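Chemist: Here the sequence shown is numbered in my numbering, starting from 49 and rising by one per residue. Quick reminder that beta carbons are idealized off the backbone N, C-alpha and C, glycines included. Since we're looking at a predicted model, the values are computed, not measured.
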Amino acid sequence: MKRKTRSMKTKQFIANSIVHVFLSVLGFVWVLPVFFVILTSFREEGGAYKSYIIPRGYTLNNYKKLFEQTSSLNYSRWFINTLFVAICTCLLSAFFVLSIAYVMSRLRFKLRKRLLNVAMILGMFPGFMSMIAVYYILKGFGFLEAGPLKLVALIMVYSGGAGLVFYVAKGFFDTIPKTIDEAAFIDGATKWDVFLKITIPLSKPIIVITLLQSFMGPWVDYIFAKVILGQDRKYYTIAIGLWSMLEKEFIEYYYTQFFAGCVLISIPIAIIFLVTQRFYVEGVSGAVKG
């Protein structure tokens, strides 16, 4: 028995060691690009390609130069544009998603199952497939004539398609007992009262995950933003602005500043994830149970 116990412990130790080594290698591979971005953002030597990874000198000028407004660089304005679009999209998308999810979870009506199937099928197609059609629709309505209207159009595009991504929220709402709704109806509450005063307060995790996902989409999107905003640099978002710094005529001068800009825009997302991590896990687990 002692030999069997020792052999089992030895096998378990070997298996755990292999798993830990494998995870360590994966962790190193994942951290290496992040490490490279941070080091390059502090690199004192200019220019794009270098034959070494560790900088020979360090400086904060790359971060300072980001906020020096020039004809080709307006980082602070790009940041404000992105923040405005992300916040507006976040609020509108969350309202659309939560409203549709509540209707599909709680109400029963004709064609409900067919609508669920259609939404699931449409959700399988990437959004950029409709990019050209959306562009000409917005152009026909005059939203691409001026810079401020382009930002409004961008918010409409991001928010308009958010309603299809309601399955996770619906799964969470399904876990809330319907007897609570029935008790509220007996007391004279309307469906809006139940949604606003009962369901929403009980759904903080899924609200947080919906807000987070709605915020991140505009923050990192490049394709739709580039198509709608065009060449108007004043109204660029962060993603387009950073990419424009890598154009042939700018890359040698803005290369290290590009990495500094990448570090700065990652900080808000990292903070939000750390603060909302608990709600994020609860929201996903609740949806899976539903």
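Could you tell me whether any Cβ in chain B is nearer than 8 Å to the Cβ of F306?
Modeler: Protein chains in the displayed structure number just one, and chain B is not present.
Chemist: Determine the DSSP secondary structure at R91, reduced to helix, strand or coil.
Modeler: strand
Chemist: Going by the CB atoms, is the gap between L290 and Y283 shorter than 8 Å?
Modeler: no
Chemist: Please look up how many angstroms separate the CB atoms of A149 and F221, rounded, as I've assumed it's under 8 Å.
Modeler: 6 Å
Chemist: If you scan the segment 233-290 from start to end, which runs of the alpha helix (DSSP H) of 4 or more residues do you find wholly inside it?
Modeler: 239-242, 252-268 and 271-277
Chemist: Kindly give me the distance between the Cβ atoms of T88 and F307, rounded to whole angstroms, as I take these residues to be in contact under 8 Å.
Modeler: 4 Å
Chemist: Please name the residue, chosen from T107, M293 and T324, that lies closest to T378 on a Cα-to-Cα basis.
Modeler: There is simply no residue 378 to check, as the chain begins at 49 and stops at 338 in what is shown.
Chemist: Using a threshold of 8 Å, state whether the C-beta atoms of V182 and T285 are closer than that.
Modeler: No, Cβ-Cβ distance for V182 and T285 is not below 8 Å.
Chemist: Got a sec, what are the start and stop residues for the alpha helix (DSSP H) M204 sits in?
Modeler: G195 to G208
Chemist: Give the secondary structure of Y97 by DSSP, where H, G and I count as helix, E and B as strand, and everything else as coil.
Modeler: DSSP places Y97 in coil when its eight states are reduced to three.
Chemist: Measure the C-alpha to C-alpha separation of A194 and K187 and round it to an integer number of angstroms.
Modeler: 11 Å
Chemist: Do A210 and V268 count as a contact pair if the criterion is CB distance below 8 Å?
Modeler: no
Chemist: Taking the C-alpha atoms as reference points, what is the distance between N64 and V77?
Modeler: Rounded to the nearest angstrom, the two C-alpha atoms are 20 Å apart.
Chemist: Would G95 and Y303 qualify as a contact pair, given that the criterion is a beta-carbon distance under 8 Å?
Modeler: In this structure, G95 places its C-beta atom within 8 Å of the C-beta atom of Y303.
Chemist: Going by DSSP, what residue range makes up the alpha helix (DSSP H) through F221?
Modeler: Y215 to D222
Chemist: Per the DSSP calculation, Y106 is bridged to which residue(s)?
Modeler: R91
Chemist: Is Y206 buried or exposed, if buried means 16 or more other CB atoms sit within 10 Å of its CB?
Modeler: buried
Chemist: In whole angstroms, give me the CA-to-CA distance for I255 and V213.
Modeler: 13 Å
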